[in-house]
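Take a look at the structure set out below.
In UniProt numbering, the protein residues as written are 1 to 442.
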């Protein structure tokens, strides 16, 4: 290893810094760099930098593609793995250069996570020799997996030639027809659970599978299907209630003019299935680029805030419209009033467009405060509702109206268990006091 490459192990440097540290002229530096194929020159004019490529299993350059809403692939640039470990630089489709200390923020949600991510991670671990537990993966592991087996992950991006070829050559998936769901969905649930390690599911996390399915209007769409266990006990009954409650929340939001994921409840073989249409997929082949609030905050804000504060900062930075921010804040307020205790930054997302960030439809809106935890414990009494700062009087009034309809519908609907209907009644009884507080707001 030369003195030049030793310097670049610490990170990219400009020509002036290299000349000073090596005590050489610009001409000598230029000749030296020509003899070092592992040194990458990037940027333009005064922004030019030199980096040391860091091959991952002999590959340091990863082409990028994006799939549009029609299913057409577009070249989107090149990603280079460089030193120090985990860092990369990207030359985008317009030939502009960008450096990152980790995977680029707009790719970070492609990392495996949750129930489906663990299943995909185990497959990658077996094929690529990676740690079986995705919690042990670093950025190198993620990049290796995404560039080798990333043809069908969240969003619209493809990383690496292998994943691109897999996407290009993959056969058309067989769609589950309406008439076949009662038979096929229990089978798909059994198959996905067969690959799940006992006890490995995170607390409160709902098992699910992905499919192409026929919807009630005859169209085909990519869906995520959550399901309850094929056994009758208090926990599975609670998950039945929660899946029905999620479908109701999304439907009520739509009725009040709020964008929300399309969802359908399907009962089959003593199990309940919640089919939610994916909005990072368009039709059979199209895709849309999506990024979570968690990724956006890490890149543009630097700290994790609750939704209202983060959305306001994005408006101030002119990255998000005021209208989208207000919808997101209203969604937060409603979530608070329906006992959604799981409104972390991964449960709010944006479409990534040429015009900036656009809030996606709502998803994962359900009273998660009543979900069984990893030990199987679940609440049998109401959650105390409180009003947060950062939400306007008008938004609280709108959220309160929807929440009132929500808890009333659950308490009156015989499809819910008696215990859950009682919880809904107790929750609804708290709303008049909150209405008084809201009425006194400025």
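Glycine residues also receive a C-beta, built at the ideal position from the N, C-alpha and C atoms. A quick note: this is a predicted structure, and the numbers were derived from the prediction, not measured.
Whole-Å CB distance - residue 106 paired with residue 352, under 8 Å assumed:
6 Å
Kindly list the residues whose CB is nearer than 6 Å to the CB of residue 443, restricted to its own chain and excluding five residues on each side of it in sequence; keep chain order.
The requested residue 443 is not part of the displayed model; the chain covers only 1 to 442.
For residue 363, which of helix, strand or coil comes out of DSSP?
Reduced to three states, the DSSP call for residue 363 is coil.
Closer than 6 Å by C-beta to residue 256: which residues in its own chain qualify, once you throw out the five before and the five after it? Chain order, please.
402
Can you give me the Cβ contacts of residue 172 inside the same chain, cut-off strictly under 8 Å, excluding the 5 residues immediately before and after it?
Answer for residue 172: 284, listed in chain order.
Those residues which DSSP pairs with residue 92 across a bridge
77
Taking the Cβ atom as the reference point for each residue, do residue 65 and residue 110 lie within a distance shorter than 8 Å?
no
So does the segment 116 to 124 actually touch the segment 74 to 87, counting three or more Cβ pairs closer than 8 Å?
no
Backbone CA spacing between residue 200 and residue 383 [nearest angstrom]
Only weak support exists for where residue 200 lies, its pLDDT of 33 falling under 50; the value from the coordinates is given anyway. Going by the C-alpha atoms only, they are around 28 Å apart.
CB of residue 118 within 8 Å of CB of residue 134, strictly:
yes
Within a Cβ cutoff of 8 Å, which residues of the same chain sit near residue 438, ignoring the five residues on either side of it in sequence?
387, 393, 396, 397, 400
Leaving out five residues before and five after residue 190 in sequence, what residues of the same chain have Cβ atoms less than 8 Å from its Cβ?
230
If we count the other Cβ atoms within 10 Å of its Cβ and call it buried at 16 or more, is residue 203 buried or exposed?
Note that residue 203 scores a pLDDT of 34, beneath 50, so its modelled location is shaky; the value from the coordinates is reported in the next line. Answer is exposed; the Cβ neighbour count stays below 16.
Closer than 7 Å by C-beta to residue 131: which residues in its own chain qualify, once you throw out the five before and the five after it? Chain order, please.
125, 137, 141
Stretch pair the segment 21 to 36 + the segment 81 to 96: three plus CB contacts closer than 8 Å:
Between the segment 21 to 36 and the segment 81 to 96 there are fewer than three C-beta pairs closer than 8 Å, too few to call the two in contact.
Do residue 286 and residue 419 come within 8 Å of each other at the CB atom, strictly closer than that value?
no
Own chain partners of residue 275 with C-beta closer than 7 Å, once the 5 adjacent residues on each side are dropped:
213, 223, 225, 263, 264, 266
Going by DSSP in three states, residue 338 sits in which element: helix, strand or coil?
coil
Alpha helix (DSSP H) containing residue 239: first to last residue?
Where residue 239 is concerned, the enclosing alpha helix (DSSP H) stretches over 234 to 255.
Under the three-state DSSP convention, the category residue 349 falls into:
Collapsing the DSSP output to three states places residue 349 in a strand.
Given a cut-off of 8 Å on the beta-carbon distance, is the pair residue 301 and residue 295 in contact?
no
Suppose the cutoff is 7 Å on Cβ atoms and the five residues either side in sequence are ignored; what does the same chain contact list for residue 10 look like?
84
With a floor of 3 residues, list each beta strand (DSSP E) that falls wholly inside the segment 280 to 348, ordered by position along the chain.
290 to 292
Around the Cβ of residue 101, are there at least 16 other Cβ atoms within 10 angstroms (buried) or fewer (exposed)?
exposed
From 336, 67, 317, pick the residue whose C-alpha is nearest to that of residue 163; which is it?
67
Residue closest to residue 414, alpha-carbon to alpha-carbon, out of 179, 337, 245:
245
Answer yes if the segment 365 to 380 comes into contact with the segment 316 to 326, meaning at least three C-beta pairs across the two stretches below 8 Å, and no otherwise.
Taking 8 Å as the limit for Cβ pairs, the verdict is that the segment 365 to 380 does not touch the segment 316 to 326.
For a quick check, are the C-beta atoms of residue 391 and residue 338 less than 8 Å apart?
no
So residue 193 is in the alpha helix (DSSP H); what residue range does that whole segment cover?
Boundaries of the alpha helix (DSSP H) harbouring residue 193: 181 to 194, taken from the DSSP string.
Which runs of the beta strand (DSSP E) at least 3 residues long sit entirely within the segment 140 to 174? Give them in chain order.
157 to 159
Would you kindly check if the distance between the Cβ of residue 279 and the Cβ of residue 260 is under 8 Å?
no
Given a threshold of 16 other Cβ atoms within 10 Å of its Cβ, counted over all protein chains shown, does residue 441 qualify as buried or as exposed?
Label assigned to residue 441: exposed.
With distances taken Cα to Cα, identify the nearest neighbour of residue 193 among 48, 116, 320.
116
Can you pull the DSSP bridge partners for residue 49?
42
Boundaries (first-last residue) of the alpha helix (DSSP H) holding residue 4
Here the alpha helix (DSSP H) through residue 4 covers 3 to 8.
Rank 179, 434, 206 by C-alpha distance to the C-alpha of residue 113 and give the top, closest one.
Out of 179, 434, 206, the CA that lies nearest to the CA of residue 113 is found in 206.
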